[in-house]
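As structure tokens, the structure follows; a few thoughts come after it.
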Amino acid sequence: MKKIYFFALRALTAFDWPLLILLCLMAALGLTVMHSAVGSTGGRFADQTHHFLLAFLVMWTAALISPKGWKVLAPLVYVVAVTLLLGVEFFGATSKGATRWLDVGFTRIQPSEMSKIAVPLMVAWFFDRNQTGSLRLFDFLGAAFLLLVPFLLIVKQPDLGTALLVFAAGFCVIYFAGLSFKLLAPVVLMLLVVIGGLLYYEDTICQPDFDWVVLRDYQKHRVCTLLNPSSDPLGKGFHTIQSMIAIGSGGVYGKGYMAGTQSHLDFIPERTTDFVFAVFAEEFGLYGGVMLLVLYGLMIARGLSITVAAHTQFERLLAGSMSMMLFVYVFVNIGMVTGILPVVGVPLPFLSYGGTALMTLGVACGILMSVSRSKGPPKQI
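Taking my numbering, the leading residue of the sequence shown gets 34, the next gets one more, and so forth.
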């Protein structure tokens, strides 16, 4: 009886209540927007409700696992994730020109989603295992190898959006572990030069017969469409143009709940998934968009505060990467919907339809709660 009581008490105290309250608000908002966005898409609202309930259970389970438990699981989770990615490479199911799924008989899974958790887990475990004074260049190279293996396998599928999220989550761990910003300065400078070159030579490099070598044709089209959406208004640029029209037509106050014309007249493609922010902005306007960003900001700030209060290096690195992964989700999705980033298929956290992404976010939030409730040794100042 005492064991049952102890388990029930531990289960009820597994939550980080400030984060849970923010997640509940976001879930309510997400279901509200989904109800408006589904239109004639059948049972997606009911499905999304089930996805939220399942994500809550996944989050609860992840929160019940202690940080020490996550540390023990890290190598196993990473090996399983890489093995499944290799399985996709050799036995994957192809759909819409991409080989991203693995048929396991009773269902199809997308192993790249698992890598969003597995990679930061493994890299944090690697740095915690090698914390012997000051870090050496070899330590950073080893962490980079652990990051690049799944990243390159996902890029090859191809799934650039998921690959970027996996890379961002792993890179945040490397940066938080002590990577000097001076080493990043040349990379930032090179990126600025590349962006400047793209803008200057846009007319030449976006010609149909120009080969970019390092990118596939559809990726090249996404970049060129970003530079000039009107170059293909009924093709590659249609998504960006229509989403920007919807956001602009919402104005300051919005058109009102379920009163968005662009979304309900089917002008916004993928309005329940990648472009759900356009539906939200059209109906709730600038004020609604700002409040949504504030809500996301509070969630990220809570995650970072958990990071700062963590007791061990492993906990700090893991919680920091989970918080920054949420930031990258939001930044990339809203960036592509508003036309400042190419369309890469990244969902908007807790608003976009889909169970897989919600499961990943549930695990990430559960890990944050696990770190928040950890009773580790006192931090050394």
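For each residue, glycine too, the CB sits at the ideal point set by N, CA and C. Owing to the predicted nature of the structure, the values given are computational and were not obtained by experimental measurement.
| Item | Value |
| --- | --- |
| Candidates S407, L231, V379: closest to L394 by CA position | V379 |
| L384 in three-state terms, based on DSSP | coil |
| Unbroken alpha helix (DSSP H) run spanning S148, endpoints | 144-162 |
| Classification of R304 by the beta-carbon crowding that lies within 10 angstroms, buried from 16 upward | buried |
| Best match in P219, V226, K253 for proximity to D242 [C-alpha to C-alpha] | K253 |
| Neighbour-count burial assignment, S296, 16 or more Cβ in a 10 Å radius | buried |
| Buried versus exposed call for G400 [16 or more other C-beta atoms within 10 Å across all chains shown] | It is worth fixing the name first, because residue 400 is Ile in this sequence and not Gly. Looking at its Cβ environment, which holds 16 or more other Cβ atoms inside 10 Å, I400 is buried. |
| Contact set for F173: own chain, Cβ-Cβ below 7 Å, skip 5 residues either direction | I207, L212 |
| Limits of the unbroken alpha helix (DSSP H) element including I238 | 235-238 |
| Separation of V363 from V370, as counted between CA atoms | 11 Å |
| Exposure of P219, with buried meaning 16 or more beta-carbon neighbours within 10 Å | exposed |
| Buried/exposed call for C57, threshold 16 Cβ in 10 Å | exposed |
| Cut-off 6 Å between Cβ atoms - residues of its own chain near A311, not counting five sequence neighbours on either side | S276, A279, I280, I301, V370 |
| Any 3 or more C-beta pairs closer than 8 Å across the stretch 351-361 and the stretch 48-64 | no |
| Distance, R169 Cα to E235 Cα | 41 Å |
| Burial state of A157, where buried means 16 or more other Cβ atoms lie within 10 Å | buried |
| Pair within 7 Å by beta-carbon distance, I150 and V396 | yes |
| Nearest-angstrom Cα separation, counted from S145 out to L195 | A quick correction: the sequence has Thr, not Leu, at residue 195. Those two C-alpha atoms are separated by around 7 Å. |
| At least three beta-carbon pairs within less than 8 Å, the stretch 307-322 to the stretch 332-342 | no |
| Where R237 falls, given that 16 or more other Cβ within 10 Å makes a residue buried | The sequence given here places Thr at residue 237; Arg does not occur at that position. T237 is exposed by the Cβ-count criterion. |
| Given Y386 as reference, the closest of H83, D49, N163 once Cα atoms are compared | H83 |
| Same chain, Cβ closer than 6 Å to I414, neighbours up to 5 away in sequence not counted | Per-residue confidence for I414 stands at a pLDDT of 35, beneath the threshold of 50, marking its modelled position as unreliable; the derived number appears in the next sentence. Closer than 6 Å at the Cβ level, and outside the excluded window around I414, lies no residue. |
| For S407, three-class secondary structure by DSSP | coil |
| Beta-carbon proximity check, V420 vs A70, cutoff 7 Å | Residue 420 falls outside the range modelled here, since the chain spans only 34 to 414, and no answer is possible. |
| Counted within 10 angstroms of its Cβ, other Cβ atoms place E122 as buried (16 or more) or exposed | exposed |
| Coarse secondary structure for W103, derived from DSSP in three states | helix |
| Spatial distance of R335 from S99 (CA atoms) | 19 Å |
| Buried or exposed (CB count within 10 angstroms, at least 16 for buried), A47 | buried |
| Check whether G76 and L384 have beta carbons under 7 Å apart | no |
| Assigned exposure category for V112 - 16 Cβ within 10 Å defines buried | exposed |
| Chain-order list of residues whose beta-carbon lies under 7 Å from that of A114 (same chain, five-residue window excluded) | P144, M147, S148, A151, P183 |
| Helix, strand or coil at D136 according to DSSP, with G and I counted as helix | strand |
| DSSP state of I414 mapped onto helix, strand, coil | Low confidence applies here, because I414 scores a pLDDT of 35, under 50, leaving its location unreliable and the question unanswered by this model. |
| Beta-carbon proximity check, G2 vs P153, cutoff 7 Å | This structure cannot speak to residue 2, because the chain is shown only from 34 to 414. |
| Euclidean distance between Cα positions of V285 and W134 | 41 Å |
| Selected residue, minimal CA-CA separation from C257, among A314, I373, G289, P382 | I373 |
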